[in-house]
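In my numbering, the protein residues as written are 17 to 371. The structure appears right after this line, and notes come after that.
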Ligand SMILES: Cc1cc2nc3c(=O)[nH]c(=O)nc-3n(C[C@H](O)[C@H](O)[C@H](O)COP(=O)(O)O)c2cc1C
């Protein structure tokens, strides 16, 4: 009962804390013979890396990945793949107030209530430093599913959403927000700057789409592709909501509006809509798999908030240190990684049962 592992056939276990010497991941069940080098992983870590713009935490971590095992002569051997990333820019003294008082919304109180002892430095294991390990594992997962293309983006920050009519996938890499609407990205600069200067923070909605997923991945009933993706997304720090396809919006539609009508196609059916987000009966339909994820605003803020000390005394906390003013921004590569990890696992599970 340690809950640091995820996946069934393509199974990974992350380890490490924010202020330990290093963190990493062990992947078990990766098929043999796949070409793998650090160069396949590093670009994804670079996307998640802190300190790349003023809109993310100013912690400076190069996040250089090292492959420690499971690869011989440039190819996976089928044995556990161990990946390690060193922590080089810790400032433990920035977190002295977190030792003396619980940050409302963060994991401080709940960890103490459960374990009775916690590494408060940078949030310890509850820090999203851990998500670097997931992103590294996700890069390996992508190599197991070369037929799939995964794209994530930010859909809204602080309640200010993109205009879907201006969606341009080529814009996502052109601004520090992973935003597909250039006008929204300009507005978000002022919005995030304003929140940071006010000692506050903002929530965000992240969307992720996987195209090229063939029909047939997933399973009824207790391992529906929907529930696997929801569990994967919900396991990400600060995620408080997940929608597959139209999600809650589907509850507002009539049956005929919500139907993904079908016509005969060249290879399988032509679908006239994708309200279901590419999944029916827990199994992929061959349409793009669509996921939306709600990130709450960062809990560590400079604005003082009422709280208590570990001894139960009333106090206030203003969290200093270096924090993301909007965690959803760097959440994009993490959501993409979890999508890849689930789909790689599902591909191997499908092959195991159906050949
Ligand atoms: C990429 C990323 C970066 C984050 N950075 C911060 C941060 O700088 N400060 C903070 O308080 N929380 C940050 N978080 C969120 C916390 O890790 C999270 O709120 C905390 O672990 C409590 O878990 P919960 O919000 O899932 O309940 C970040 C989350 C993600 C995904």
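Every residue, glycine too, gets a C-beta built ideally from N, C-alpha and C.
In terms of residues, what are the limits of the alpha helix (DSSP H) holding residue i?
i, result
"residue 355", "343 to 370"
"residue 95", "Careful: residue 95 lies outside any alpha helix (DSSP H) and carries neither H nor E."
"residue 240", "Where residue 240 is concerned, there is no enclosing alpha helix (DSSP H), given that its DSSP letter is neither H nor E."
"residue 202", "198 to 213"
"residue 331", "Counting along the chain, residue 331 falls outside any alpha helix (DSSP H), though it belongs to the beta strand (DSSP E) covering 330 to 333."
"residue 433", "Summary: the structure shown does not reach residue 433, with the chain confined to residues 17 through 371, and so no result is reported for it."
Label residue i either buried or exposed according to how many other C-beta atoms from any shown protein chain fall within 10 Å of its C-beta, with 16 as the threshold for buried.
i, result
"residue 169", "buried"
"residue 19", "exposed"
"residue 217", "buried"
"residue 365", "buried"
"residue 111", "buried"
"residue 46", "buried"
"residue 347", "buried"
"residue 142", "buried"
"residue 64", "buried"
"residue 253", "buried"
"residue 103", "buried"
"residue 211", "buried"
"residue 88", "exposed"
"residue 244", "buried"
"residue 308", "buried"
Output the boundary residues of the beta strand (DSSP E) element that contains residue i.
i, result
"residue 285", "285 to 287"
"residue 19", "Residue 19 -> no beta strand (DSSP E), and no H or E assigned at all."
"residue 114", "That residue, residue 114, is in no beta strand (DSSP E); its alpha helix (DSSP H) goes 112 to 116."
"residue 374", "The requested residue 374 does not occur in the structure, where the chain is confined to residues 17 to 371."
"residue 312", "Run containing residue 312: none; DSSP gives neither H nor E here."
"residue 51", "Here residue 51 belongs to no beta strand (DSSP E), and DSSP marks it neither H nor E."
"residue 323", "321 to 324"
"residue 85", "81 to 85"
"residue 43", "38 to 44"
"residue 293", "Run containing residue 293: none; DSSP gives neither H nor E here."
"residue 29", "27 to 32"
"residue 220", "220 to 227"
"residue 257", "255 to 260"
Within its chain, find whatever has a CB closer than 6 Å to the CB of residue i; leave out the 5 residues flanking it on each side and keep chain order.
i, result
"residue 121", "315"
"residue 167", "225"
"residue 320", "332 and 334"
"residue 288", "277"
"residue 200", "178"
"residue 285", "278"
"residue 26", "45, 360, 361 and 364"
"residue 204", "173 and 193"
If residue i sits next to residue j, beta carbons under 8 Å apart, how far is it from one beta carbon to the other, in whole angstroms?
i, j, result
"residue 290", "residue 303", "5 Å"
"residue 192", "residue 184", "Going by Cβ atoms, the distance from residue 192 to residue 184 rounds to 16 Å, so no, they are not a contact pair."
"residue 48", "residue 94", "3 Å"
"residue 2", "residue 208", "Missing from the structure shown is residue 2; the chain here goes from 17 to 371 and no further."
"residue 357", "residue 154", "5 Å"
"residue 21", "residue 140", "With a Cβ gap of about 19 Å, residue 21 and residue 140 do not count as contacting."
"residue 278", "residue 150", "The Cβ separation is near 36 Å, so there is no contact."
"residue 54", "residue 91", "With a Cβ gap of about 14 Å, residue 54 and residue 91 do not count as contacting."
"residue 249", "residue 258", "5 Å"
Under 7 Å between the Cβ atoms of residue i and residue j?
i, j, result
"residue 232", "residue 306", "no"
"residue 333", "residue 117", "yes"
"residue 152", "residue 99", "yes"
"residue 311", "residue 282", "no"
"residue 96", "residue 86", "yes"
"residue 228", "residue 164", "yes"
"residue 298", "residue 247", "no"
"residue 194", "residue 188", "yes"
"residue 119", "residue 335", "yes"
"residue 128", "residue 134", "yes"
"residue 148", "residue 101", "yes"
"residue 293", "residue 301", "no"
"residue 60", "residue 43", "no"
"residue 24", "residue 361", "yes"
"residue 340", "residue 72", "yes"
"residue 317", "residue 175", "no"
"residue 219", "residue 313", "yes"
Once you ignore the five residues that flank residue i on each side, which residues in its own chain have a CB closer than 7 Å to its CB?
i, result
"residue 75", "66, 67, 105 and 338"
"residue 159", "50, 52 and 56"
"residue 352", "154, 166, 168 and 224"
"residue 241", "233, 234, 295, 298, 299, 300 and 362"
Mind checking if residue i is an interface residue toward chain B, Cβ cutoff 7 Å exclusive?
i, result
"residue 334", "No chain B is present in this structure, which holds just one protein chain."
Counting only the same chain and skipping the five closest in sequence on each side, list residues whose C-beta sits under 8 Å from that of residue i.
i, result
"residue 123", "139 and 142"
"residue 368", "25"
"residue 39", "30, 31, 32, 33, 100, 101, 103, 145, 146, 148 and 149"
"residue 69", "192"
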